[in-house]
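Here is the structure we will look at.
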Amino acid sequence: MAKANLARDVAAVARGETLSCLWEGVDRVKCYWLALMRASQPLFLGRLIQYFSPSNENITLEQAYLYALGVILCSTINVFAIHPYMMAIFHMGMKIRVACCSLIYRKSLRLSKTALGQTTAGQVVNLLSNDVSRFDICVIFIHYLWLGPLETVVATYFMWNEVGVSAVIGVAALLMFIPLQAYLGKKTSDLRMRTAIRTDERVRLMNEIISGIQVIKMYTWETPFNKLVELARK
1 MAKANLARDV AAVARGETLS CLWEGVDRVK CYWLALMRAS QPLFLGRLIQ
51 YFSPSNENIT LEQAYLYALG VILCSTINVF AIHPYMMAIF HMGMKIRVAC
101 CSLIYRKSLR LSKTALGQTT AGQVVNLLSN DVSRFDICVI FIHYLWLGPL
151 ETVVATYFMW NEVGVSAVIG VAALLMFIPL QAYLGKKTSD LRMRTAIRTD
201 ERVRLMNEII SGIQVIKMYT WETPFNKLVE LARK
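In full-length UniProt numbering, the protein residues as written are 1 to 234.
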């Protein structure tokens, strides 16, 4: 019961921090400008290359200069925007991680004796040292949940204008990998859960050994406990 309450509280804090910080980061650095620049640069570059084509009859020299300027501006804006954007994203992940650590600490101080018997120190240490650090990484990809489909639609439209139905076939081939990625993600999650359980057990064992190290040394039980540690680390 205590584990369920802790997981629910951590999820609530993560959602609250995400809702309060996510769009704040978007307003600060305008991440959609990054997507716009990445989508516009190939278009400008394509028009610029078309100017040098022997069959060119529509693009003038002035337009070619404008397309070249567009390529340069897209690269420049992308360079100056990506770093503030990543800074804001990492800052948001840090805030979520710190909030979760604070919540875990406060929750551990309010656990009942029954809950303390069900929750080991290894589980708490593993939560604070490993699990919460995932928030620093996952926030990097949050915006791609809505930005990715939008970019896919826009890119498909432009490719349709250039190559026709072949663009749809190419995009469909990419979309076919989504179920495979979902399956691999589920398997990775299961392996991660099994790893977390083994990590909790290993940390609990090491804490017990350190707590009783004097008794172990007195009875010369180093070899059996060494084998236990080696078995837990396999």
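Where is the CB? At the ideal position from N, CA and C, for every residue including glycine.
- By the Cβ-count criterion, L180 is exposed, with fewer than 16 other Cβ atoms from all chains shown falling within 10 Å of its own Cβ.
- Between L34 and Y85, the CB-CB gap stays under 8 angstroms.
- Between A39 and E201, the gap from beta carbon to beta carbon reaches 8 angstroms or more.
- The distance from the Cβ of I216 to that of E222 is about 6 angstroms, consistent with a contact at the 8 angstroms cut-off.
- Sequence-distant partners of C101 (beyond 5 residues in either direction) whose C-beta falls short of 8 angstroms from its own C-beta, in its chain, are L128 and V132.
- If the five residues before and after I82 are omitted, its C-beta is found closer than 7 angstroms to the C-beta atoms of L34, all from its own chain and listed in chain order.
- Of all alpha-carbon atoms in N226, A64 and Y32, the one lying nearest the alpha-carbon of R47 is that of A64.
- Y144: member of the alpha helix (DSSP H) spanning Y144 to V163, first to last residue.
- The way I'd put it, the stretch 91–101 does touch the stretch 133–145; three or more beta-carbon pairs between them come closer than 8 angstroms.
- Around S211, the same chain offers no residue with a beta carbon nearer than 8 angstroms, after the five sequence neighbours per side are excluded.
- A232 is not a Cβ neighbour of N126, given a cutoff of 8 angstroms.
- As the crow flies, the alpha-carbon of Y105 is around 33 angstroms from that of A182.
- Around the C-beta of Y67, 16 or more other C-beta atoms lie within 10 Å, and the residue is accordingly described as buried.
- Judged by DSSP secondary structure, S112 falls outside any alpha helix (DSSP H); it is assigned neither H nor E.
- Within its own chain, the residues whose Cβ lies closer than 6 angstroms to the Cβ of G70, once the five positions on either side in sequence are excluded, are F44, listed in chain order.
- At a Cβ-Cβ threshold of 8 angstroms, L205 and L228 count as neighbours.
- Distance between L191 and R134, taken at the CA atoms: about 15 angstroms.
- Taking a C-beta distance under 8 angstroms as the contact criterion, S75 and Q123 do not qualify as a contact pair.
- A Cβ-Cβ separation of about 7 angstroms places V168 in contact with T156 under the 8 angstroms criterion.
- In the DSSP assignment, Y219 falls outside any alpha helix (DSSP H) and carries neither an H nor an E.
- The C-beta of A173 has fewer than 16 other C-beta atoms within 10 Å across all chains shown, which makes the residue exposed.
- Put simply, the backbone Cα of F177 is about 33 angstroms away from that of I49.
- Pairing F225 with K187, the inter-Cα distance amounts to about 33 angstroms.
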